[in-house]
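*Asks:*
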Amino acid sequence: MDQKRTPLFDALRDHARRNPLSFHVPGHKNGTIYTGEARDWFEKLLNIDLTELPGLDDLHQPEGVIKEAQKLTASFYQADHTFFLVGGSTSGNLAMIFAICQPGDTVIVQRNSHKSIMHALELAGAHPVFLTPLYSKQTGRLSEITLHQLKEALEQYPEAKGVVLTYPDYFGHTYPLKKLIETAHDHHIPVIVDEAHGAHFVLGNPFPTSALELGADIVVQSAHKMLPAMTMTAWLHLRSELIAYERVSRYVHMFQSSSPSYPLMASLDLARYYLANLSRKQIHEIIQSVKGVRAMFKMLPYWEVLPCEAHVDDMLKIIVQVKEGYQARDIARALERNGIYPEMVTDDQILFIFGLSPYTEMQVLEKALERLDPEKTDNSIKLTQAEMKPIQDLAISYDQMRKMKTEWVVWDKAVGRITAESVTPYPPGIPYLLKGERINKEHVKTLQQYIGQNQYIQYARDRLKEGIYVFKQE
Ligand SMILES: Cc1ncc(COP(=O)(O)O)c(C=O)c1O
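The working numbering puts the sequence shown at residues 108 to 581.
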C-alpha cells in the first residue's frame with residue numbers, strides 16, 4: 108500500500124478548507140464558538156474536530172477514509188487488522204482481555220501489568236494467575252518473565268485461555284518473548300501483549316523486535332507515548348489463528364466512544380505516515396543524537412547512566428541511577444527548576460524519553476544541566492523488594508469479591524486479610540497489592556516504607572497511612 112497517503116487527515120483538511128456551514132455537532136461549530144482567549148489556542152484544531160459527515164467515514168462502521176487509514180496501518184505493521192483507539196491503550200487492553208475470556212476463565216497475567224489490564228480482568232470476571240517478573244540487578248527493576256515460569260504456570264493451569272504480557276516495560280526494557288509465545292501457542296493458547304511503549308519497534312534495528320513480529324496474537328500500542336501523536340491515541344493490532352476478528356471488533360467498539368475524536372484519529376493516520384516514511388539514515392541520526400545526550404549525562408556527578416543494549420532496550424530512553432547521597436526526587440526537582448521535565452522518577456532512577464527526531468536542543472540542555480543544584484541528602488532510604496511468589500493466584504474470585512462487604516483495619520491487623528482495593532505506588536505505577544490478594548508481612552513493611560517516604564500511592568479509599576480496607580470475614 109502507498110504509505111505516502113494520509114487519507115483521514117486529507118479528508119478532514121479538505122472539508123475544513125471548504126468553509127462549511129455547521130448545523131451539526133460538536134457545539135463549537137468549527138471553532139467559531141469558544142471560550143475567551145482559549146479560542147486562539149484551539150482554533151486550528153477545532154476546524155478539524157468534526158463528526159461522521161459524508162466523506163469522513165465512521166470508526167464504528169468503517170467503509171471509507173477511516174477504513175483506508177486503518178488498512179494502511181495494518182499493512183505497515185503486518186497485522187491482519189488494525190483498530191484505531193481514541194481511549195488510549197487502556198481501551199485496547201480492556202477489549203483484548205474481553206476478547207479472550209469469559210467469566211471464570213483462567214488467564215495467565217504478568218503481575219506488573221498496567222492497571223487497565225487489572226481492571227479488564229476484574230470486569231471480565233476472569234480468574235487471573237499472576238507471574239511475578241524476575242528482579243534484574245542490571246535494570247534495578249522487576250523486568251523479566253521467564254520461560255520456566257510460563258511453562259510451570261501452563262502445567263498448573265492447563266485450562267488457561269490466554270497469556271497476557273507487557274513488553275517492553277515502562278523503561279523500554281524487553282525480554283525474550285518469542286519462546287514464551289511459541290510455548291503458549293504449542294498449548295493452543297493465545298498471547299496478547301500490552302506494547303504500550305513500543306509502537307516504534309516496528310522500525311527494526313536497533314530497536315527491540317516488536318511483539319507482533321514475534322508472533323503475538325493481539326498487540327496494543329499507545330501511539331501517543333513514543334510516536335508523534337496526540338495523547339489518548341493508540342491502536343490494536345490483530346494477527347491470530349486463535350482469536351476471531353469478530354470478537355475483538357465487538358469489544359473494541361464497546362469500549363470506545365460513539366463520538367470518537369477526529370483529530371485523534373487523524374493523528375493516528377499521521378503517526379503511521381511519519382513512521383512509515385522514516386529513512387534508515389534518519390533513524391541513525393536520531394539514535395546518534397540520543398547517544399550525544401547520554402554522553403552529556405555521563406559527565407554529571409549525581410547519577411550513573413544505565414547501559415542501553417541495542418535490540419533489548421529502547422534506544423530512545425535514557426535511565427539514570429542516582430548515586431548514594433542524592434535523592435532521585437531532589438534531582439528531578441532541580442531539573443524542573445531548570446526547565447527540564449523527565450518522564451518518570453522512582454526512588455532511585457530517572458527516566459528520560461526522546462522523540463523520533465534528532466535531538467536538537469543540546470546547547471540549551473547543556474546550559475541547564477550546568478545550573479543543576481540538587482540538594483545532597485545522606486538519608487536516602489532504599490526500598491526493599493517485597494517477597495512475591497513467581498506464580499500467584501488471588502485468594503478469592505472477583506465474583507466472590509463483588510458479593511462481600513469490606514472493613515478498614517489498622518496495619519497491625521492486616522496480615523492474613525484479603526485486600527479490598529488495589530494499592531498502586533507511583534512510580535512505578537503498577538499495583539503492588541492487588542485487590543483480592545492476601546496481605547503478608549512483607550506487603551505491610553514495604554507499604555509502610557512507601558508511606559514513610561511520602562511516596563504518592565494511588566488508592567481508591569482513604570486512611571492508607573494507618574491501615575487498609577480488607578474484605579470482611581463472614
Ligand atoms: C504498560 C502500559 N500499558 C497501558 C497503559 C495505558 O496507556 P494509555 O495511557 O494509552 O491508555 C500505560 C500507561 O502508562 C502503560 O504504561
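Every residue, glycine too, gets a C-beta built ideally from N, C-alpha and C.
Bear in mind that the values here come from a model prediction, so they are computed numbers and not experimental data.
For a test of the three-state rule: what should DSSP assign to residue 251, helix, strand or coil?
*Replies:* Residue 251 falls in the strand class under three-state DSSP.
*Asks:* Where are the alpha helix (DSSP H) runs, 4 residues long or more, that stay fully inside the segment 240–305, in chain order?
*Replies:* The qualifying runs are 254–263, 285–293.
*Asks:* My output table needs one value for residue 411: the three-state DSSP class, helix, strand or coil.
*Replies:* Strand, per DSSP.
*Asks:* Grouping DSSP H, G and I as helix and E and B as strand, with all else coil, what is residue 309?
*Replies:* Helix.
*Asks:* With a threshold of 16 other CB atoms inside 10 Å of the CB of residue 273, please say whether the residue is buried or exposed.
*Replies:* Residue 273 is buried by the Cβ-count criterion.
*Asks:* Going by alpha carbons, who is nearest to residue 559 out of 455, 456, 571?
*Replies:* Cα-wise, what sits closest to residue 559 is 571.
*Asks:* What did DSSP end up calling residue 420 once you bin it into helix, strand or coil?
*Replies:* Residue state, collapsed to three classes: strand.
*Asks:* Can you tell me whether residue 195 sits near ligand 1, meaning its C-beta is under 7 Å from at least one heavy atom of the ligand?
*Replies:* At least one heavy atom of ligand 1 is nearer than 7 Å to the Cβ of residue 195, so yes.
*Asks:* Please state whether the Cβ-Cβ distance between residue 113 and residue 369 is less than 8 Å.
*Replies:* In this structure, residue 369 does not lie closer than 8 Å to residue 113 by Cβ.
*Asks:* Taking contact to mean 3 or more Cβ pairs, one atom from each stretch, closer than 8 Å, check whether the segment 116–128 and the segment 387–398 are in contact.
*Replies:* Taking 8 Å as the limit for Cβ pairs, the verdict is that the segment 387–398 does not touch the segment 116–128.
*Asks:* Taking 8 Å as the threshold (C-beta atoms), are residue 151 and residue 164 in contact?
*Replies:* The answer is no: Cβ separation not under 8 Å.
*Asks:* What is the DSSP secondary structure of residue 514, counted as helix, strand or coil?
*Replies:* Strand, per DSSP.
*Asks:* How far does the beta strand (DSSP E) with residue 345 in it extend, from its first residue to its last?
*Replies:* First-last of the beta strand (DSSP E) with residue 345: 341–345.
*Asks:* Taking 7 Å as the cut-off, is the C-beta of residue 221 nearer than that to any heavy atom in ligand 1?
*Replies:* Yes, the beta carbon of residue 221 sits closer than 7 Å to at least one heavy atom of ligand 1.
*Asks:* Along the beta strand (DSSP E) that carries residue 235, what are the first and last residues, could you check?
*Replies:* Here the beta strand (DSSP E) through residue 235 covers 234–238.
*Asks:* Quick test of your reading: residue 196 and residue 220, contact by CB under 8 Å. State the CB separation rounded to the nearest angstrom.
*Replies:* So it is not a contact: roughly 11 Å between Cβ atoms.
*Asks:* Within a Cβ cutoff of 6 Å, which residues of the same chain sit near residue 508, ignoring the five residues on either side of it in sequence?
*Replies:* Cβ within range, chain order: 543.
*Asks:* Out of 465, 466, 461, 408, state which residue places its alpha-carbon closest to the alpha-carbon of residue 479.
*Replies:* Closest option to residue 479, Cα to Cα, is 408.
*Asks:* Taking C-alpha atoms, which residue in 258, 532, 463 lies nearest to residue 314?
*Replies:* With distances taken between Cα atoms, residue 314 lies closest to 463.
*Asks:* Run the proximity test for residue 200: is its beta-carbon closer than 7 Å to any non-hydrogen atom belonging to ligand 1?
*Replies:* Yes.
*Asks:* If you scan the segment 340–404 from start to end, which runs of the beta strand (DSSP E) of 3 or more residues do you find wholly inside it?
*Replies:* Here the runs fully enclosed are 341–345.
*Asks:* Please name the residue, chosen from 394, 427, 418, that lies closest to residue 406 on a Cα-to-Cα basis.
*Replies:* For residue 406, the nearest C-alpha among the options comes from 427.
*Asks:* What is the DSSP secondary structure of residue 124, counted as helix, strand or coil?
*Replies:* Residue state, collapsed to three classes: helix.
*Asks:* So which of 254, 503, 301 has the shortest CA-CA distance to residue 199?
*Replies:* The shortest Cα separation from residue 199 among 254, 503, 301 belongs to 301.
*Asks:* Just to confirm, are residue 268 and residue 212 a CB contact at a threshold of 8 Å?
*Replies:* In contact: residue 268 and residue 212 (Cβ atoms closer than 8 Å).
*Asks:* If contact is defined by three or more beta carbon pairs under 8 Å, each pair taking one atom from either stretch, is the segment 305–312 in contact with the segment 332–343?
*Replies:* These segments touch.
*Asks:* Considering only C-alpha positions, which residue in the set 108, 516, 553 is nearest to residue 180?
*Replies:* Nearest C-alpha to residue 180: 108.
*Asks:* Output the boundary residues of the alpha helix (DSSP H) element that contains residue 213.
*Replies:* Counting along the chain, residue 213 falls outside any alpha helix (DSSP H), though it belongs to the beta strand (DSSP E) covering 213–217.
*Asks:* What residue does the beta strand (DSSP E) around residue 326 start on, and which one ends it?
*Replies:* Per DSSP, residue 326 belongs to the beta strand (DSSP E) from 325–329.
*Asks:* For residue 568, which of helix, strand or coil comes out of DSSP?
*Replies:* Coil at residue 568, not helix or strand.
*Asks:* Ligand 1 and residue 585: does any heavy atom of the ligand fall closer than 7 Å to the residue's C-beta?
*Replies:* Because the chain here runs from 108 to 581, residue 585 falls outside it and cannot be looked at.
*Asks:* Hey, could you find the ends of the beta strand (DSSP E) residue 574 is sitting in?
*Replies:* 574–578 is the span of the beta strand (DSSP E), which, as asked, contains residue 574.
*Asks:* Is the closest heavy atom of ligand 1 to the C-beta of residue 453 under 7 Å?
*Replies:* No; taking the cut-off as 7 Å, the Cβ of residue 453 has no heavy atom of ligand 1 nearer than that.
*Asks:* When you compare only the Cα positions, how much space is there between residue 134 and residue 140?
*Replies:* The straight-line gap from Cα to Cα measures roughly 8 Å.
*Asks:* Within the present structure, is the beta-carbon of residue 277 separated from the nearest heavy atom of ligand 1 by less than 7 Å?
*Replies:* Yes, Cβ of residue 277 sits closer than 7 Å to a heavy atom of ligand 1.
*Asks:* Is it right to say residue 432 is buried, meaning 16 or more other beta carbons lie within 10 angstroms of its own, or is it exposed?
*Replies:* Exposed.
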